[in-house]
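Working notes, structure below.
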Amino acid sequence: MRAYLTRRLLIAVPTLLAVTVLIFVAMRVIPGDPAVLLAGDFATPETVAALRAKWGLDRPLPVQYVVFFRNLVRGDLGASIVSDLPVLEEIAQRFRVTLLLALSAMLVALAIGLTGGIVAATRAYTVWDYASMTAALVGVSTPIFWSGMLLILVFAVRLGWLPSGGAGTWQGYVLPACSLGFFAAGVIARQTRSAMLDVLRQDYVRTARAKGVAEPRVNAYHALRNALIPVVTIVGLEFGRMLGGAVLTETVFSLPGLGSFLIISIGKRDYPVVQGIVLWIALAFVVINMLVDILYAALDPRIRYA
Amino acid sequence: MKRTRIGGSLLLAVAAAALLAGGPTSPGWGAAAKDTLVIALPIEIPSADTHLAIGLPAIGMVAQISDTLVVLDERGRVKPWLAESWTEEDGGRSLVFKIRDNVRMHDGRTLTAEDVAFSLERFRRVAIGRSALAPVESVTALPGNRVKVTTRAPFAPLLRTFTYSSIGIFSKAAIERAGSDQEFAKHPIGPGPYRFVRLVRGDRMELEAFPQYWAGRPKIRRIVVRYIPDMSARVAALESGDADVIHDFTPQDAERIRAHPQLTLINPPSAGFIRLNLNTQRPPFNDVRVRHAVAYAIDRDAITKEIFRGLAKVARSLVPANATGYVEIYDVYRYNPDRARQLLREAGVPDLTFTLSYGAGRYLMDKEVVEAVQAQLARVGITMRINQMEWGQYSAMLRLPLERNPTQMSFTWWRTVNGDADSAIGIYSRAELPPRGNNVPFYVSEEFERVYAAQQVEPDPTKRRALIRQLQQILMQDLPSIPMYQQPIFWATRTNVVGLAPKVTSLSTLWPLYDVEIR
């Protein structure tokens, strides 16, 4: 296992390198000059030139990349053009919010999605199944900005039970976690139902029932555990997506997370920040994929990595 | 003033669904602690240092820490503030400010002329300051708590320039102690009504009352400035009581807020306006008749009435309505499609076709306005193509030199920063031609240059106003830009916030907040 993980990590290095080159070039190819944007209406060409020189943007592109890469190897992602603060510090601050949102949304998604999927599969083609799958369909088809606004209007404006947004308190995360979680719950419920139905038709499940094992135990120990492998894949992908920044959720609920920060930074052509966040998201996906692989082995003893 | 409008159009449907939840609007989650004023802004506060902050509403908040030498009163007149008086010297080249005695700063020290001179010199070194105080030659602290500011040549709008919230006064000792601008911005020290507590990037800035403020102890203990980028979310935050004050929302929301018993709409006169710039150096707009024809073909009254629900005013000059020297001379271009057609025939372009470029989503209702203009022009046979661009890309294109600049018509906002016409019309001077400045219509006029230079050095206010009037007439005749409408500045508060309305200045800054209270 250790050798496998080491190999996976080594393979990730060229992937991440490619990401750095792609994002570096992409940001500089799109029109727009951070110096003009930041200097504002009053700016003279001298001011703009001074700003460009300050950030090293007046140097040839390959030189800029070498400088960026050299600093990256030392663990330095540079300073934000907009705030002048270290990019790592900026990312760390936002990542805390994004991580908290992703974890809480995943909790909501797993609670609703797994329950819905299991109920639908164990009571397949009954009213429970149809109700559960209809709810899942509504979950995946509802735009997050719509469900978000609806939650705000009901629970913050009408009832006043929860804040309309902001990262100041834990209560501020309840509505965004539900809004983001409902969407993922729909995906998880559908996947769980389909995987469970496959497993429930297997011989070993029939054998377990024939041996007189109680139905809840058959469902939980024999069926669910084996059905979880495709579900874990989906959960991993959804979690990666959430860590990459749930832009809409963050915008509607005014959460200062990574996604909204990325969008704002692209708008302001804050090159170091955009490079840093994209690299960070790529790294998050690599780590999550590895965790998913480890979970596979934990769930199914037949899976061994060499 | 960038805005996002996610879900804006769906809000009505959502609101209808929300009504199903029944019952009246709750007093809100944040209703308990009423010694705190929560202000929600559409832009993030980038720095707690006014010299470094960008974005007018953000600067207005940060300016609570620093304070300025002079301020504008409700009628736009210059009023003493940290400077209790001033005199002109050296034939109008110098201004000598007498700094108020016994002004305490947040570090306990007393404000001196040294602090003021040091702050002004520091501001002159930053990007905005280098341009805003460009005419200034030197700043010197004098005995008797006085500061002398000298310009290279007489510069009439100089005094008004010091009302600009960015030119904040800070503690010299604290800046020197911090060692760098970045460190100082983490804990700025000034003489303002509120002292800095913390800035959580992307989320909020917190300030607390400074009890020794020279103009009296602030009435609110704490101010939290929250960054809520989504327009609908800001309105929801106000309705739920999560925010006490919000800035920037749609005219539809403004109407709803006006009708809401617990909310108050504030729609102060605006110092900014929207204009359509025509490239005066290239066909088809190098012919003044074509520029006039387009102006006659646009029904601005319909735009302000329909799109802005009557909450915006038609702009009648290339100077904002409440700036010094403003004259209403726009009626010559009142909507007249027949005249537009006739001018197009005379110019030999009865089937005029051109492209308008704009940075989508940057200004309130910009998409709706651009589409309305397109439809109105089509009525007189003008085909206007719309080139919708991302803001960064658009602003870079506008600043390209003429030979590489493809812009035919652009949609931009402009303003006066200090209530003086000079800062609004200065962009039409030759010195401001791109890539150097914002003369995006590439307007060049010898007559304009001459009168513009004359008003800058004219010491007599009456004579100067006459020169500014003349400048406006020259511009309206040559029409490098078509003034469209005064850009509304929407603020809203919960009704228990008292004393805010008259304090909203024309620059969209909230200043000062020390005598605002929550009941």
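Going down the list, the sequences are from chains D and Y.
Going left to right, the first sequence walks through residues -14 to 291 as my numbering numbers them.
Going left to right, the second sequence walks through residues 149 to 667 as my numbering numbers them.
Each residue gets a CB set at the ideal place from its N, CA and C atoms; glycine is no exception.
- Item | Residues, ordered as in the chain, of the stretch 612 to 643 of chain Y that lie near chain D by beta-carbon distance below 7 Å | Those residues of the stretch 612 to 643 of chain Y that come within reach of chain D (Cβ to Cβ, closer than 7 Å) do not exist; the list is empty.
- Message: Could you check whether the stretch 242 to 262 of chain Y touches the stretch 592 to 605 of chain Y, counting it as contact only if at least three pairs of C-beta atoms, one from each stretch, sit closer than 8 Å?
- Response: Contact annotation: the stretch 242 to 262 of chain Y does not touch the stretch 592 to 605 of chain Y, with fewer than three C-beta pairs closer than 8 Å.
- Is any beta-carbon of chain D found at less than 8 Å from that of Arg667 of chain Y? Not closer than 8 Å to any Cβ of chain D, the Cβ of Arg667 of chain Y fails to qualify, so no.
- Contact check, Thr0 of chain D vs Leu57 of chain D under 8 Å by CB: the rounded distance? Contact between Thr0 of chain D and Leu57 of chain D fails: their C-beta atoms lie close to 15 Å from each other, not under 8 Å.
- Query: Would the beta-carbon of Val438 of chain Y fall within 8 Å of that of Ala495 of chain Y?
  - Reply: Closer than 8 Å, so yes.
- Query: Which runs of the beta strand (DSSP E) fall wholly inside the stretch 7 to 61 of chain D and span at least 3 residues, in chain order?
  - Reply: As far as the stretch 7 to 61 of chain D is concerned, it has no whole beta strand (DSSP E) run of at least 3 residues.
- Task: Reducing DSSP to helix, strand and coil, say where Val436 of chain Y ends up.
- Result: Here DSSP, grouped into helix, strand and coil, assigns Val436 of chain Y to helix.
- Between D:Arg143, D:Leu144, D:Ala34, D:Ala162, which lies nearest to Ala294 of chain D when the distance is taken from Cα to Cα? It is not possible to answer for residue 294 of chain D, since the shown part of chain D is limited to -14 through 291.
- When the distance is taken between beta carbons, is Ala169 of chain D closer than 8 Å to Gly98 of chain D? Their beta carbons are under 8 Å apart, which means Gly98 of chain D touches Ala169 of chain D by this criterion.
- Query: Taking just the CA atoms, how far does Pro431 of chain Y sit from Gln635 of chain Y?
  - Reply: Using only the alpha carbons, I get a separation of about 29 Å.
- Query: Going by other Cβ atoms of all chains shown within 10 Å of its Cβ, with 16 needed for buried, is Thr428 of chain Y buried or exposed?
  - Reply: So Thr428 of chain Y counts as buried.
- Between the stretch 356 to 382 of chain Y and chain D, which residues of the former have a C-beta closer than 8 Å to a C-beta of the latter? Residues passing the 8 Å Cβ filter: Arg374, Tyr375, Ile376, Pro377, Asp378, Ser380, Ala381.
- Item | Unbroken alpha helix (DSSP H) run spanning Phe130 of chain D, endpoints | Judged by DSSP secondary structure, Phe130 of chain D falls within the alpha helix (DSSP H) whose first and last residues are 129 to 136.
- Message: For Arg287 of chain D, which residues in the same chain have their Cβ closer than 8 Å to its Cβ, ignoring the five residues on either side in sequence?
- Response: Excluding sequence positions up to five before and after Arg287 of chain D, its CB lies less than 8 Å from no other CB in the same chain.
- Message: I believe Ile534 of chain Y touches Leu504 of chain Y by the beta-carbon criterion, under 8 Å. Please report the beta-carbon distance rounded to the nearest angstrom.
- Response: By a beta-carbon distance limit of 8 Å, Ile534 of chain Y contacts Leu504 of chain Y. Their separation comes to about 6 Å.
- Taking all protein chains shown into account, decide if Lys253 of chain D is buried (16 or more other Cβ within 10 angstroms of its Cβ) or exposed. A buried status is given to Lys253 of chain D, since no fewer than 16 other beta-carbon atoms sit within 10 Å of its beta-carbon.
- With a 10 Å radius around its C-beta and 16 neighbouring C-beta atoms as the bar for buried, classify Ala304 of chain Y as buried or exposed. Classification of Ala304 of chain Y: buried, given that the 10 Å Cβ count is 16 or more.
- Query: Pick from Y:Arg448, Y:Met379, Y:Leu200, Y:Gln330: whose alpha carbon is nearest that of Arg482 of chain Y?
  - Reply: Of Y:Arg448, Y:Met379, Y:Leu200, Y:Gln330, the residue nearest in Cα terms is Y:Arg448.
- How would you call Pro47 of chain D, buried or exposed, if buried means at least 16 neighbouring beta carbons within 10 angstroms? So Pro47 of chain D counts as exposed.
- Item | Proximal chain D residues relative to Glu387 of chain Y, where beta-carbon distance stays under 7 Å | Those are Val142, listed as they occur along chain D.
- From Thr32 of chain D to Gly316 of chain Y, what distance separates their C-alpha atoms? Spanning the two alpha carbons is a distance of roughly 20 Å.
- Task: Report, in whole angstroms, the separation of the C-beta atoms of Gln176 of chain D and Pro215 of chain D, which I expect to be a contact under 8 Å.
- Result: Right, their Cβ atoms sit about 6 Å apart.
- Name the residue from D:Val272, D:Thr154, D:Asp285, D:Arg81 whose alpha carbon lies nearest to the alpha carbon of Leu(-5) of chain D. Across the set D:Val272, D:Thr154, D:Asp285, D:Arg81, the C-alpha of D:Val272 shows the shortest separation from the C-alpha of Leu(-5) of chain D.
- Query: How would you call Val(-2) of chain D, buried or exposed, if buried means at least 16 neighbouring beta carbons within 10 angstroms?
  - Reply: Its Cβ having fewer than 16 others within 10 Å, Val(-2) of chain D is exposed.
- With DSSP as the reference, label Ala(-3) of chain D as helix, strand or coil. Ala(-3) of chain D falls in the helix class under three-state DSSP.
- Touching or not, the stretch 552 to 571 of chain Y and the stretch 407 to 422 of chain Y, by the rule of three or more beta carbon pairs under 8 Å? Cβ pair count under 8 Å is three or more, so yes.
- Query: Which of helix, strand or coil does DSSP assign to Glu665 of chain Y?
  - Reply: In the structure shown, Glu665 of chain Y sits in a strand (DSSP, three-state: E or B).
- Query: Which of helix, strand or coil does DSSP assign to Ala188 of chain Y?
  - Reply: Of the three classes helix, strand and coil, the one that applies to Ala188 of chain Y here is strand, per DSSP.
- Message: Contact defined as beta carbons within less than 8 Å: I believe Leu307 of chain Y pairs with Val218 of chain Y. What is the distance between those atoms, to the nearest angstrom?
- Response: 7 Å between Cβ atoms; contact.
- Query: Of all the alpha helix (DSSP H) runs that stay within the bounds of the stretch 255 to 308 of chain Y, which reach a length of 4 or more residues?
  - Reply: DSSP runs (the alpha helix (DSSP H)) wholly in the stretch 255 to 308 of chain Y: 261 to 273, 275 to 280.
- Give every residue of the same chain whose Cβ lies closer than 6 Å to the Cβ of Pro607 of chain Y, excluding the five residues on either side of it in the sequence, and list them in chain order. Residues Gly240 of the same chain have their beta carbon placed closer than 6 Å to that of Pro607 of chain Y, with the five preceding and five following residues left out of the count.
- Message: Within 8 Å of any Cβ in chain Y, is that where the Cβ of Arg202 of chain D sits?
- Response: No - not a single Cβ of chain Y is within 8 Å of the one on Arg202 of chain D.
- Interface partners of Trp539 of chain Y on chain D, CB under 7 Å: Going along chain D in sequence order, the residues near Trp539 of chain Y (Cβ under 7 Å) are Gly252.
- Task: Have a look at His201 of chain D and Glu192 of chain Y and give me their C-alpha separation to the nearest angstrom.
- Result: The residue asked about is misnamed: residue 201 of chain D is Pro in this sequence, not His. The alpha-carbon atoms of Pro201 of chain D and Glu192 of chain Y are separated by roughly 53 Å.
- Message: Would you say Met134 of chain D lies against chain Y (beta-carbon separation less than 8 Å)?
- Response: In terms of beta-carbon proximity, Met134 of chain D lines the interface with chain Y, with at least one pair separated by less than 8 Å.
- Message: Could you check whether the Cβ of Pro45 of chain D sits closer than 8 Å to any Cβ belonging to chain Y?
- Response: At a cut-off of 8 Å, the C-beta of Pro45 of chain D has no neighbouring C-beta in chain Y.
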